[in-house]
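Structure first, then comments.
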Amino acid sequence: MYVSSQIEIEATKRRVTVRIGNTTIAESTRAQRMTEGDLPVRHYLPSEDVMMEMLEPSETITHCPYKGDARYWNVTVEGSEFKDMVWSYSTPLEEVSAIAGLLCFYDERVSLEVGE
Numbered sequence: 318m319y320v321s322s323q324i325e326i327e328a329t330k331r332r333v334t335v336r337i338g339n340t341t342i343a344e345s346t347r348a349q350r351m352t353e354g355d356l357p358v359r360h361y362l363p364s365e366d367v368m369m370e371m372l373e374p375s376e377t378i379t380h381c382p383y384k385g386d387a388r389y390w391n392v393t394v395e396g397s398e399f400k401d402m403v404w405s406y407s408t409p410l411e412e413v414s415a416i417a418g419l420l421c422f423y424d425e426r427v428s429l430e431v432g433e
């Protein structure tokens, strides 16, 4: 789905796997792939494909003029807490409604693999 000159969202059936260390936190073949200008490509995953028991809501909320308000979660793996590692737009702006309620991880802080 083409959203604007800045943002493009497309469904992908490629397997997206997210790990911290040796622990798999998420695995999905139902991700939405987002490109946004010069920013890194992001993969938004359904909560059903994420180990939600490892996530705890954070108090952090940010605002993006193109997507809306994002809420964050901390991730605990093997006794270590990783702050604000995951975010989601529960009610994004209409133009990016395809990512509503989906979860996104900071690729720079996790191992994120996209299969064939």
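Numbering (the numbering used here), first residue to last: 318 to 433. Idealized CB from N, CA, C, for every residue including glycine.
Which residues DSSP lists as bridging residue i, in chain order
i           : result
residue 410 : DSSP output for residue 410 lists no bridge partner at all.
residue 431 : 333
residue 385 : 381
residue 403 : 390, 422
residue 370 : DSSP output for residue 370 lists no bridge partner at all.
residue 417 : 406
Beta carbon of residue i nearer than 9 Å to that of residue j
i           : j           : result
residue 342 : residue 358 : no
residue 407 : residue 390 : no
residue 350 : residue 327 : yes
residue 336 : residue 410 : no
residue 360 : residue 403 : no
residue 365 : residue 393 : no
Helix, strand or coil at residue i according to DSSP, with G and I counted as helix
i           : result
residue 448 : The structure shown has nothing for residue 448, since the chain only spans 318 to 433.
residue 326 : strand
residue 319 : Bear in mind that the predicted position of residue 319 carries a pLDDT of just 47, short of 50, making it too unreliable to give a figure here.
N-terminal and C-terminal residue of the beta strand (DSSP E) that residue i is part of
i           : result
residue 351 : 348–353
residue 343 : 340–345
residue 362 : 359–362
Nearest-angstrom Cβ-Cβ length linking residue i and residue j, presumed shorter than 8 Å
i           : j           : result
residue 323 : residue 344 : The Cβ separation is near 29 Å, so there is no contact.
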